[in-house]
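J.:
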Ligand SMILES: Nc1ncnc2c1ncn2[C@@H]1O[C@H](COP(=O)(O)OP(=O)(O)OP(=O)(O)O)[C@@H](O)[C@H]1O
Ligand SMILES: [Mg+2]
């Protein structure tokens, strides 16, 4: 409860900060924030283009939120188990890339999902293994892996898999894509995120897993006190490996939901910032799976709505990233605060 | 001369589900040793924490040197020259002794008169001097994580002395010290009183209060019962007031009936993390129905011995058998299954997951068993049921029952929770490492009774304690450990306290 209030506080303070900056720039913060909601399909816009409505906006908002849920869950479970997985970006990119490649041979949505899970899990497991075998800090391996993967994928795309017009990778074939793009619904064209129900189901499953299963009990014990876990007869190394494997698998799911769903292609030369935003989302959600879904909803309003906001208010969309960064900072502070309250 | 330096008026402090201090008023005079006595969870730590600015009272006022103060942070308390040594240590484990002590007060020098840097040489020197002066043996350059509990306590005391505090608060400072160290500690605080400092001392040991304190406040379930003039009150009287009824100081015990050998150690050796052989080729065996007590000065290999038998560290040589089965290389889990219960010394980092609820800590070593989980799914009902069972049977007090986060419980009640959990497994072997550390006398007597009861049930008990009274009270067989070797093993009746003392100092061998 206390955690929940602190999270709310973090959001409110960040929004106020954001408002202050907007105001200093001579913009109307209320109008800007209204635009965020409108851009996310949560409020009516004044006008809509043909075949669009608030509903289509909302559906593409859901589409953008889906990978964020997976990504934040990935961070959350790692934190529960005592790891700081800032390698979600790399896991996403690797998983997206592997899925793209496989879909060239066998175009299937199921295969894309499975490939994403496996690619991510392998990376996560590798990080966990390096940690316990050589005691390399996972933060360091995460950062290194992010770079290595980004350059490898970039190199491959630029050499063999580029769409020369968009300067992105080629697009994934529709039969394998996790988003039904431009689906005709009555007289509308909507994007349907097929992985969204999966994301919600995975969050619920994870909640149950952490609270009600022996594995969950072990992961939490190892995360909170490795020495006590050892005393309890737990195999700390095996459990850490399991944690990182699950975390990686979730990162992989985020990757395919992003690169083979919300987007159809991979942009070379950069890692998705979602991997980092996911840290904010997870902290905001109290590292709790249900909390992650809620927090993803909020953060996606900011990131998704910012495009519409920037077009209406002539503000750079980076202001949204700034607000997200504020939230990350405050959420991290409140994580410390809530601990302090307990002595 | 009775000039109050600290006055607490009508202090009330509430925590969720509990009133930790209920309308407590007392005043401490300049230059006295003021003791605070009370059962586990009576609110002693809470009361003094408010003086040190860790908590603020919900109601009531605190006056320091006659002036109303709102002590809202330890920093401010330090400004008022109030210092405190906590019940559980607060040291940075990968810093050296000196670095810990000077943290926040680093003596600065300027390189080329420009760049500030910490003059660690001078600090090391100062601290060596300080430790010399107060006879608190420490090497300023040692890293905290390599020190045993007793040395860490010394660092905490030095830290406060380094800050030149005038009002010194000690929360159970002697719980971890050896009898010799307690002796010199008591001399130290008497010396400090002599030089005009005021001391507030929480302890469960009545003879310490009797030895040094001028007055003693007694708390019971948050309420102030009385403030006694120590010289004119007997320890029995103090105990009676504290617990609320007569306490017996002896543990009733029938002669032991030894059964088969349960635990057998043959030439067992253990290396500590830095590669030093902490246990050197030790051999002994413990029978069913026997309390085998290991006496010794802290840091002579007791921890490593216990950890190695429980499986937390591996042996570098020798063999351990439990009920005839070789467990030398068995995992911790295998040993739990084979029947080794273990109450470890470090209750905070090892014995409990502090951020778990009490309920979740109870089955910590058995959560995987059929009783608590089925096909990998935890059995909530069994967790609740078991928690209720233990809490009722072992008098474990906590603010919000089983849902209490273990971290917020009083130190003594945390310890009781570990003991309850381990005893309740009804295993053939129970290792008690310093089991009564931090417990109030009522609880101490209870635990000793339980140790005997476990023995009578047929368990083999390995009791490792720094407290000779405890050893004399409970042991059937006494072993003395010195510098990693067992220097003497004898039936309890054959050794006097003085004999043991000599063996503990390593001189018994030649005698
Ligand atoms: N931060 C906290 N949050 C919630 N409850 C607390 C907190 N600190 C203490 N309590 C509760 O207040 C009561 C008094 O605790 P306190 O630590 O003062 O006891 P104590 O007299 O020092 O006991 P002990 O001898 O075992 O150390 C206990 O019931 C404890 O559970
Ligand atoms: Mg206490």
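Residue numbers (the working numbering), protein chains in the order written: chain A, 3 to 345; chain B, 101 to 611. Beta carbons: idealized from backbone N, C-alpha and C, even for Gly.
#1: Hey, out of 54(A), 123(A) and 71(A), whose CA is closest to residue 292(A)'s CA?
#2: Per the DSSP calculation, residue 326(B) is bridged to which residue(s)?
#3: Which whole-angstrom value is the C-beta distance of residue 335(B) and residue 307(B), which I expect to be below 8 Å?
#4: On the premise that residue 298(B) lies in contact with residue 551(B), defined as a C-beta separation below 8 Å, what is that separation, rounded to the nearest angstrom?
#5: Taking the beta strand (DSSP E) that residue 45(A) belongs to, which residues open and close that run?
#6: What are the residues in the stretch 224-249 of chain A lying within 7 Å of chain B by C-beta distance?
#7: Would you check whether ligand 2 has a heavy atom nearer than 8 Å to the C-beta of residue 187(B)?
#8: Start and end of the alpha helix (DSSP H) containing residue 200(B)?
#9: With a cut-off of 9 Å, does the C-beta of residue 134(A) fall near any C-beta of chain B?
#10: Does the count of Cβ pairs from the stretch 383-395 of chain B and the stretch 354-366 of chain B closer than 8 Å reach three?
#11: Just to make sure I have the definition right: I need the residues of chain B whose C-beta is within less than 9 Å of the C-beta of residue 214(A). Which are they?
#12: Is any non-hydrogen atom of ligand 2 found closer than 8 Å to the C-beta of residue 322(B), if you look at the structure I gave you?
#13: So for residue 307(A), helix, strand or coil by DSSP?
#14: Report the three-state DSSP secondary structure of residue 218(A) (helix, strand or coil).
#15: Return no unless some Cβ of chain B is closer than 9 Å to the Cβ of residue 163(A).
#16: If residue 229(A) and residue 450(B) are in contact, beta carbons under 8 Å, what's the gap, nearest whole angstrom?
#17: Quick one: what's residue 385(B) bridged to in DSSP?
#18: Okay, do the stretch 238-251 of chain A and the stretch 53-71 of chain A touch, 3+ Cβ pairs below 8 Å being the bar?
#19: Going by DSSP, what residue range makes up the beta strand (DSSP E) through residue 493(B)?
#20: Straight-line CA distance for residue 464(B) to residue 522(B)?
#21: Can a CB atom of chain B be found closer than 9 Å to the CB of residue 5(A)?
#22: Listing by chain order, which chain A residues have their CB less than 9 Å from the CB of residue 451(B)?
#23: Which residue from 309(B), 524(B), 184(B) and 607(B) puts its Cα closest to that of residue 338(B)?
#24: Could you run through the stretch 418-446 of chain B and flag, in chain order, every residue whose CB is less than 9 Å away from some CB of chain A?
#25: What residues of chain E sit near residue 217(A), judged by a beta carbon separation below 7 Å?
#26: Output yes or no for whether 9 Å exceeds the beta carbon distance between residue 564(B) and residue 402(B).
#27: Could you check the C-alpha separation between residue 345(A) and residue 264(A) for me, to the nearest Å?
#28: How far does the alpha helix (DSSP H) with residue 239(A) in it reach, from first residue to last?
#29: Just mark residue 222(B) as buried or exposed, buried being the case when its beta carbon has 16 or more other beta carbons within 10 Å.
#30: Is any heavy atom of ligand 2 found at a distance shorter than 8 Å from the C-beta of residue 499(B)?
#31: Could you tell me which of 405(B), 132(B), 477(B) and 510(B) sits nearest to residue 417(B), measuring between CA atoms?
#32: In whole angstroms, what is the alpha-carbon distance linking residue 275(B) and residue 528(B)?
#33: Could you give the residue range of the alpha helix (DSSP H) that holds residue 516(B)?
#34: Can you find a CB in chain B that lies within less than 9 Å of the CB of residue 8(A)?
#35: Could you work out which residue in 282(A), 299(A), 296(A) and 305(A) is closest to residue 331(A) when comparing CA atoms only?
#36: Taking the beta strand (DSSP E) that residue 159(B) belongs to, which residues open and close that run?
T.: With the given structure in hand:
#1: Residue mapping note: residue 292(A) aligns to position 290 of the first chain, counting from 1. The residue with the shortest Cα to Cα distance from residue 292(A) is 71(A).
#2: Counted from its first residue, the second chain places residue 326(B) at position 226. Partner(s): 318(B).
#3: In the second chain, counting from the first residue as 1, residue 335(B) sits at position 235. In the second chain, counting from the first residue as 1, residue 307(B) sits at position 207. Between residue 307(B) and residue 335(B) the Cβ distance is about 7 Å, and since that is below 8 Å, they are a contact.
#4: One-based indexing of the second chain puts residue 551(B) at position 451. One-based indexing of the second chain puts residue 298(B) at position 198. In fact, because the Cβ distance is near 38 Å, the residues do not count as touching under 8 Å.
#5: Along the first chain, read from residue 1 onward, the residue named residue 45(A) stands at position 43. Element bounds for residue 45(A): n/a, residue is neither H nor E.
#6: 226, 227, 229, 230, 232, 233, 234 and 235
#7: The count along the second chain starts at 1 and reaches residue 187(B) at position 87. True, at least one ligand heavy atom lies under 8 Å from that Cβ.
#8: Position 100 of the second chain holds residue 200(B). Segment 197-202, the alpha helix (DSSP H) holding residue 200(B).
#9: Against the first chain, residue 134(A) aligns to sequence position 132. No, residue 134(A) lies away from the interface with chain B (no Cβ there is under 9 Å from its Cβ).
#10: yes
#11: For the purposes of this step, residue 214(A) is taken as the residue at position 212 of the first chain. Ordered by position in chain B, the residues that pass the 9 Å Cβ test against residue 214(A) are 477, 478 and 480.
#12: Against the second chain, residue 322(B) aligns to sequence position 222. Because no heavy atom of ligand 2 lies under 8 Å away, the Cβ of residue 322(B) does not count as near it: no.
#13: For the purposes of this step, residue 307(A) is taken as residue 305 along the first chain, with counting starting at 1. Looking at residue 307(A) - three-state DSSP - the assignment turns out to be helix.
#14: Within the first chain, residue 218(A) is the residue found at index 216, counting from 1. In this structure, residue 218(A) counts as helix in the three-state DSSP scheme.
#15: In the first chain, residue 163(A) corresponds to position 161, counting from 1. No, because no Cβ of chain B sits closer than 9 Å to the Cβ of residue 163(A).
#16: Stepping through the first chain from its first residue, residue 229(A) is reached at position 227. Stepping through the second chain from its first residue, residue 450(B) is reached at position 350. About 5 Å; that satisfies the 8 Å criterion.
#17: The residue labelled residue 385(B) in the question sits at position 285 within the second chain. According to DSSP, residue 385(B) bridges with 364(B).
#18: no
#19: Looking up residue 493(B) in the second chain gives position 393. First-last for residue 493(B): 480-493, but that is the alpha helix (DSSP H), not the beta strand (DSSP E).
#20: The residue given as residue 464(B) occupies position 364 in the second chain. The residue given as residue 522(B) occupies position 422 in the second chain. Near 10 Å, if we compare the C-alpha coordinates of residue 522(B) and residue 464(B).
#21: The count along the first chain starts at 1 and reaches residue 5(A) at position 3. Chain B, which has no Cβ nearer than 9 Å to the Cβ of residue 5(A), makes this no.
#22: Position 351 of the second chain, counted from the first residue, corresponds to residue 451(B). Residues of chain A passing the Cβ test: 230 and 233.
#23: Residue 338(B) sits at position 238 when you count from the first residue of the second chain. Of the listed residues, the one whose Cα sits closest to residue 338(B) is 309(B).
#24: 431, 432, 433, 434, 435, 436, 437, 442, 444 and 446
#25: In the structure shown, chain E does not exist; the protein chains are A and B.
#26: On the second chain, position 464 is the one that residue 564(B) refers to. On the second chain, position 302 is the one that residue 402(B) refers to. Contact: yes.
#27: As a position in the first chain, residue 345(A) is number 343, starting the count at 1. As a position in the first chain, residue 264(A) is number 262, starting the count at 1. Interpretation of residue 345(A) is limited by its pLDDT of 37, a score under 50 that renders its predicted location unreliable; the figure taken from the coordinates is listed afterwards. The straight-line gap from Cα to Cα measures roughly 44 Å.
#28: In the first chain, counting from the first residue as 1, residue 239(A) sits at position 237. Unbroken alpha helix (DSSP H) run through residue 239(A): 238-259.
#29: Numbered from 1 along the second chain, position 122 holds the residue referred to as residue 222(B). Label assigned to residue 222(B): exposed.
#30: Translated into positions along the second chain, residue 499(B) becomes position 399. Residue 499(B): no, Cβ never under 8 Å from ligand 2.
#31: Counting from 1 along the second chain, the entry for residue 417(B) is found at position 317. Ranking the options by Cα distance to residue 417(B), first place goes to 405(B).
#32: Within the second chain, residue 275(B) is the residue found at index 175, counting from 1. Within the second chain, residue 528(B) is the residue found at index 428, counting from 1. For residue 275(B) and residue 528(B), the distance between alpha carbons rounds to 29 Å.
#33: Here residue 516(B) refers to the residue found at position 416 of the second chain. Segment 511-523, the alpha helix (DSSP H) holding residue 516(B).
#34: For this step, residue 8(A) is matched to residue 6 along the first chain. No - not a single Cβ of chain B is within 9 Å of the one on residue 8(A).
#35: For this step, residue 331(A) is matched to residue 329 along the first chain. Cα-wise, what sits closest to residue 331(A) is 282(A).
#36: Within the second chain, residue 159(B) is the residue found at index 59, counting from 1. Counting along the chain, the beta strand (DSSP E) containing residue 159(B) begins and ends at 159-164.
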